[in-house]
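In this note's numbering, the protein residues as written are 1 to 117. Reading through the structure tokens given below for one structure.
What follows is the structure, encoded as structure tokens:
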């Protein structure tokens, strides 16, 4: 009688271990499925692989511009929040020159764009 009880206990503990492992695997697979669904519900032009990586030669003091998905837009610098206000007597057909932070540089005008032909 003692051997039968030990045999049943061994079967019961093996069954419990199998149930615990199956539950853990199910929970892990649900986590993967949930994260993939979340990635697909917020589509970006870059797919589910995330943002492209840019290696820029010039660091930006205020960081780089980002698109509406939060991905870096090339190596364009963010403008300073507190650009000095500059008043000029003449207007510029192609706008005023700006520094790398997007702030106007004095009253210097941009040159006409080059037309390649």
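Ideal Cβ positions, reconstructed from N, Cα and C, are used throughout, including at glycine.
Coil, strand or helix - residue 17 by DSSP: In the chain shown, residue 17 corresponds to position 17, counting from 1. Here residue 17 sits in helix by DSSP.
Can you list, in chain order, the residues of its chain whose CB lies under 6 Å from that of residue 108, leaving out five sequence neighbours each side? Your numbering for residue 108 matches position 108 in the chain shown. Around residue 108: 97.
Kindly list the residues whose CB is nearer than 6 Å to the CB of residue 88, restricted to its own chain and excluding five residues on each side of it in sequence; keep chain order. Numbered from 1 along the chain shown, position 88 holds the residue referred to as residue 88. Closer than 6 Å at Cβ, skipping near neighbours: 107.
Looking at residue 103: is its Cβ nearer than 8 Å to the Cβ of residue 80? Position 103 of the chain shown, counted from the start, is the residue given in the question as residue 103. Position 80 of the chain shown, counted from the start, is the residue given in the question as residue 80. Yes, the Cβ-Cβ distance between residue 103 and residue 80 is below 8 Å.
Starting from residue 109, follow its DSSP beta bridges and name the residues at the other end. On the chain shown, residue 109 is found 109 positions in, with the first residue counted as 1. Residue 109 pairs with 96.
Under the rule that 16 or more other beta-carbon atoms within 10 Å means buried, what is residue 40, buried or exposed? As a first step, residue 40 must be located in the chain shown, where it is residue number 40. With a pLDDT of 40 at residue 40, under the threshold of 50, the modelled position of that residue is not reliable, and the figure given next carries that caveat. Per the 10 Å Cβ criterion, exposed.
Could you give the DSSP three-state label for residue 32: helix, strand or coil? Residue 32 sits at position 32 when you count from the first residue of the chain shown. Only weak support exists for where residue 32 lies, its pLDDT of 40 falling under 50; the value from the coordinates is given anyway. Note: residue 32 maps to helix in three-state DSSP.
Would you list the one or two residues that DSSP bridges to residue 66? For this step, residue 66 is matched to residue 66 along the chain shown. Note: residue 66 sits in a beta bridge opposite 72.
Might you give, ordered along the chain, the residues of its own chain that have their beta carbon closer than 8 Å to the beta carbon of residue 94, omitting 5 neighbours on each side? Here residue 94 refers to the residue found at position 94 when the chain shown is read from its first residue. Around residue 94: 109, 110, 111, 112, 113.
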